[in-house]
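Novice: I am attaching a structure below and will ask some questions about it afterwards.
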Amino acid sequence: MEKIASFTVNHLTLLPGIYVSRKDTVGQEVITTFDLRMTRPNFEPVMNTAEIHTLEHLGATFLRNHPEYKDKVIYFGPMGCRTGFYLLLAGDYESKDIVPLVTEMYAFMKDYEGEVPGAAARDCGNYLDMNLNMAHFVAKRYYDEVLTGITKERLIYPE
96 MEKIASFTVN
106 HLTLLPGIYV
116 SRKDTVGQEV
126 ITTFDLRMTR
136 PNFEPVMNTA
146 EIHTLEHLGA
156 TFLRNHPEYK
166 DKVIYFGPMG
176 CRTGFYLLLA
186 GDYESKDIVP
196 LVTEMYAFMK
206 DYEGEVPGAA
216 ARDCGNYLDM
226 NLNMAHFVAK
236 RYYDEVLTGI
246 TKERLIYPE
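Mind the numbering: the sequence shown is residues 96 to 254 in the working numbering, read in order.
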C-alpha cells in the first residue's frame, strides 16, 4: 500500500503552526484540509482527551457560527495523535489565507466562559470528558506562541 500524504511529513522537524495538509476536488469544488498543529510531535506531550474534546466543541461552535466561513466549514476535529486539529474548508486556500480566522477562533477558545456548548448527555456521547481550564491553557499557548506573529516556517510543511 502507498503511504498516505500525512505520513510523509517529517514529524521530527514539524513545528506547531497552520499547514495545508491536502487539497481534494469534489465535483467542481476544492476542499482544503488544514493541519492546525498545536504541539510539536514527538517532542512535547500530546493534549489530553478532555481538553481536546472541549476545544472541539468550542471550535466547531465558533466556526459553524462565523459570518464569513460558516457555509464553507466541512469539518473541524482532533487528530488521532492528539497534537492538533484538522480543519476542512470548501475552497482553494493557502495557510496564510486563514490565519485571521484561526487567530479569531483561538482567541474565542482561550477566553470562553460559561457552559461548553453541547456538553450535555443529550447532545454528546462523552459529555463528561471535558476540561475548560486546560482548554483555555492550551488555546492560549497556541495563540500566544504560534498565532501571534506567525512566521513562514509555521505556514509551510518542512522539507
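Backbone N, C-alpha and C fix where the C-beta goes; we use that ideal spot for every residue, glycine too.
A quick note: this is a predicted structure, and the numbers were derived from the prediction, not measured.
1) Excluding the 5 residues preceding and the 5 following Tyr188 in the sequence, name in chain order all residues of the same chain whose CB lies nearer than 6 Å to its CB.
2) Buried or exposed: where does Gly112 fall if 16 or more other Cβ atoms within 10 Å of its Cβ makes it buried?
3) Alpha carbon to alpha carbon, how far is Met142 from Ala230?
4) Taking Phe180 and Gly154 to be in contact with their CB atoms under 8 Å, please state how far apart those CB atoms are, rounded to whole angstroms.
5) Measure from the alpha carbon of Val115 to the alpha carbon of each residue in Tyr164, Ala100 and Arg217, then state which is nearest.
6) In chain order, what residues of the same chain have a beta carbon less than 8 Å from the beta carbon of Ser190, not counting five sequence neighbours either side?
Specialist: Considering the structure as presented:
1) Thr127
2) buried
3) 9 Å
4) 7 Å
5) Ala100
6) Gly112, Ile113, Tyr114, Val115, Phe129, Leu250 and Ile251
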